[in-house]
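Encoded as structure tokens, the structure appears first; notes follow it.
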Amino acid sequence: MQVLTTIFTSWYSILLGAFWLGVMITIIAFVHEFGHFVVAKWCGVKVEAFAIGMGREIFGFNDKHGTRWKFCMFPIGGYVQMLGQSDSPKKDDFKYENDDEKSHSFEFKSPWQKIAISIAGPLANVILAFVITVFILGFWGKDKIKPVVSHIASDSPAASAFKIGDEVLSVNGVKIDDFMQVTKIITFSGCNPLEFEILRKGKILSQKITPVRMETTDFLGRVQKRCMIGVAGGETVHENFAPIPAIKQGFIDTISMTGDTARGVYQLLTGQRTIKELSGPLKIGKISHEASKVGIQKFMMLIAIISIGVGVMNIVPIPVLDGGHILMNLIQVIIRREIPKKVQFLIYNLGFGVVILLMLAGFINDFRYLIKL
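Residue numbers (my numbering): 437 to 809.
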């Protein structure tokens, strides 16, 4: 009976997670596509459709500019369809009724305009994260961990270098005022030696420590090996923000999250981190559900984090992603002519294959996670 209860609870959590994942993806996808939409209109491109969700249209309406706004069956994303935008370079050229219609086609816009339209989606994701972060800081404030050593793991790199009560002043020249900064620097260090400046009983000391890979669990519930030194920070203090300081701190936090995400993606693509760290929809859905149970603040912060992840991943120069479109158009600017259709088709197919493999890796990791429940 206990086993059945556990199974039911696990699947119930997954189904609820799927719901909250749908909510989260719809918000993030809408903002991403709205970024493309706004800049496309600014560049004079006719937008034929703006879809919220995927699959068959449930209902919709046409605006005065001829754009079909439609709400689709599956709330798992969305898309913007522009005049002259084909799914692959192999498609035949569009047939236009007149020169005016041709002038509003994505196909005949300059490479720089196409780059602007492509980059607008990822940029919109980062802006969403910034707005959410500022709102959270202004409404709830922020917890900070004092950069004071409160625990040292035995037989760890820190065991011979730190003492309880040491205050971390800087790491590799970076001034520290929150222990989370220390954690981030160590995580992305590649386990290379780090120079710590610490304050111990009124004296400033320098310690050189080389992190080692240790097993840990991240906020998405993924067990992975990361560079660590084996120390924990001090007490948590709460800080409230007035409107202007909230905007300033929100900007700093958004830049920091974007940089951390970009470094993580780079390390993943260069083999410094394992593909097993990729999460698929099941695991992210479960975390979405857990975040929604904790409170709206945590759920909103998760949306901000995932939104930045979507923005950064889309800017990776893989064909079929926004970054791939940007790269292709930059190449056309450099060579001053259009890339042959056959070459484009080959490149886009290769890019599509890479994306499918990444998605497959996420699903496999989800399956491994599922059989452990």
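Backbone N, C-alpha and C define an ideal beta-carbon position, used for all residues, glycine too.
The structure displayed is predicted, hence computed values, not measured ones.
From G458 to F571, what distance separates their C-alpha atoms? For this step, residue 458 is matched to residue 22 along the sequence shown. For this step, residue 571 is matched to residue 135 along the sequence shown. Using only the alpha carbons, I get a separation of about 22 Å.
Do you know how far the Cα of S606 is from the Cα of A597? For the purposes of this step, residue 597 is taken as the residue at position 161 of the sequence shown. For the purposes of this step, residue 606 is taken as the residue at position 170 of the sequence shown. Each residue's Cα considered, the two are about 15 Å apart.
Return helix, strand or coil for G489, following the three-state DSSP convention. Translated into the one-based positions of the sequence shown, residue 489 becomes position 53. G489 falls in the strand class under three-state DSSP.
Alpha helix (DSSP H) runs contained entirely in the stretch 535-610, provided each spans 4 or more residues: 535-539, 547-575
Take every Cβ of the stretch 687-707, pair it with every Cβ of the stretch 617-624, and state whether three or more of those distances are shorter than 8 Å. yes
Using a Cβ-Cβ cut-off of 8 Å (strictly less than) and excluding sequence neighbours within five positions of E774, which residues of its own chain qualify? In the sequence shown, the residue the question calls residue 774 occupies position 338. If we look at E774 and ignore the five residues flanking it on each side, its Cβ neighbours are Q768.
Taking L763 as part of the alpha helix (DSSP H), name the residues at either end of that continuous run. As a position in the sequence shown, residue 763 is number 327, starting the count at 1. Taken as a continuous stretch (DSSP letters only), the alpha helix (DSSP H) holding L763 covers 758-771.
If we count the other Cβ atoms within 10 Å of its Cβ and call it buried at 16 or more, is T652 buried or exposed? For the purposes of this step, residue 652 is identified with residue 216 of the sequence shown, where counting begins at 1. Its Cβ having fewer than 16 others within 10 Å, T652 is exposed.
From S592 to I563, what distance separates their C-alpha atoms? For this step, residue 592 is matched to residue 156 along the sequence shown. For this step, residue 563 is matched to residue 127 along the sequence shown. Their Cα atoms are separated by approximately 40 Å.
At which residues does the alpha helix (DSSP H) containing F687 begin and terminate? Taking the first residue of the sequence shown as 1, we reach residue 687 at position 251. Taken as a continuous stretch (DSSP letters only), the alpha helix (DSSP H) holding F687 covers 679-705.
Looking at K580: is its Cβ nearer than 9 Å to the Cβ of D613? Here the question's residue 580 lines up with position 144 in the sequence shown. Here the question's residue 613 lines up with position 177 in the sequence shown. The answer is yes: Cβ separation under 9 Å.
Within its chain, find whatever has a CB closer than 7 Å to the CB of I443; leave out the 5 residues flanking it on each side and keep chain order. Taking the first residue of the sequence shown as position 1, residue 443 is located at position 7. Legend: pLDDT at I443 = 44, less than 50; position of this residue unreliable, value from coordinates given subsequently. Excluding positions up to five away in sequence, the list is empty.
Between the alpha carbons of L796 and I634, how many angstroms are there, rounded? As a first step, residue 796 is located in the sequence shown; it is residue number 360 there, counting from the start. As a first step, residue 634 is located in the sequence shown; it is residue number 198 there, counting from the start. Their backbone Cα atoms lie some 45 Å apart in a straight line.
For M490 and I762, what's the separation of their Cα atoms in angstroms? Against the sequence shown, residue 490 aligns to sequence position 54. Against the sequence shown, residue 762 aligns to sequence position 326. M490 and I762: Cα-Cα distance of roughly 25 Å.
Assigned exposure category for K545 - 16 Cβ within 10 Å defines buried: Counted from its first residue, the sequence shown places residue 545 at position 109. With 16 or more other Cβ atoms within 10 Å, it is buried.
Beta bridge counterpart(s) of V648 as assigned by DSSP: Counting from 1 along the sequence shown, the entry for residue 648 is found at position 212. In DSSP, V648 forms a bridge with M664.
For S554 and I588, I'd like the C-alpha separation in whole angstroms. Your numbering for residue 554 matches position 118 in the sequence shown. Your numbering for residue 588 matches position 152 in the sequence shown. Roughly 47 Å separates the two Cα atoms.
Starting from the C-beta of K578, find all residues in its chain whose C-beta is less than 6 Å away, skip the five residues before and the five after it, and write them out in chain order. Along the sequence shown, one-based indexing puts residue 578 at 142. Result list for K578: E675, in chain order.
Reference M518; option with closest CA among A595, H501, S541: Mapped onto the sequence shown, residue 518 falls at position 82. Of the candidates A595, H501, S541, the one whose C-alpha sits nearest the C-alpha of M518 is S541.
According to the Cβ coordinates, are F632 and V604 closer than 9 Å? Residue numbering aside, residue 632 sits at position 196 when the sequence shown is read from its first letter. Residue numbering aside, residue 604 sits at position 168 when the sequence shown is read from its first letter. Cβ atoms of F632 and V604: closer than 9 Å.
How many Å lie between A454 and I464 at the Cα? Numbered from its first residue, the sequence shown carries residue 454 at position 18. Numbered from its first residue, the sequence shown carries residue 464 at position 28. Approximately 15 Å between the Cα atoms of the pair.
Taking all protein chains shown into account, decide if D758 is buried (16 or more other Cβ within 10 angstroms of its Cβ) or exposed. What you label residue 758 is simply residue 322 of the sequence shown in a count that begins at 1. Buried, by the Cβ-count rule.
Round the Cβ separation of I754 and G760 to the nearest angstrom and send it over; I've been treating them as touching at under 8 Å. Looking up residue 754 in the sequence shown gives position 318. Looking up residue 760 in the sequence shown gives position 324. Yes, I754 and G760 are in contact; Cβ-Cβ is about 5 Å, under 8 Å.
In the DSSP assignment, find the alpha helix (DSSP H) that holds V746 and state where it starts and stops. As a first step, residue 746 is located in the sequence shown; it is residue number 310 there, counting from the start. Note, V746: alpha helix (DSSP H), 732-751.
6 Å CB neighbourhood of G747 in its chain, flanking five on each side removed: Within the sequence shown, residue 747 is the residue found at index 311, counting from 1. Here the set comprises P558, N561, V562.
State the DSSP-derived secondary structure class of T462, mapped to helix, strand or coil. Numbered from 1 along the sequence shown, position 26 holds the residue referred to as residue 462. Three-state result, T462: helix.
Indicate the three-state DSSP secondary structure (helix, strand or coil) for V779 in the structure shown. The count along the sequence shown starts at 1 and reaches residue 779 at position 343. DSSP places V779 in helix when its eight states are reduced to three.
Is Q617 helix, strand or coil when you go by DSSP? Residue mapping note: residue 617 aligns to position 181 of the sequence shown, counting from 1. Note: Q617 maps to helix in three-state DSSP.
If we count the other Cβ atoms within 10 Å of its Cβ and call it buried at 16 or more, is W456 buried or exposed? Reading the sequence shown from its first residue, position 20 is the one you call residue 456. It is buried - the Cβ of W456 has at least 16 other Cβ atoms within 10 Å.
With C-beta atoms as the reference, is E537 less than 9 Å away from K500? As a working note, residue 537 is residue 101 in the sequence shown. As a working note, residue 500 is residue 64 in the sequence shown. In this structure, K500 does not lie closer than 9 Å to E537 by Cβ.
Paired residues, beta bridge with S625 - DSSP: On the sequence shown, position 189 is the one that residue 625 refers to. None; S625 has no bridge partner.
Could you please give the first and the last residue of the uninterrupted beta strand (DSSP E) stretch that includes G514? Numbered from 1 along the sequence shown, position 78 holds the residue referred to as residue 514. Element bounds for G514: 504-518.
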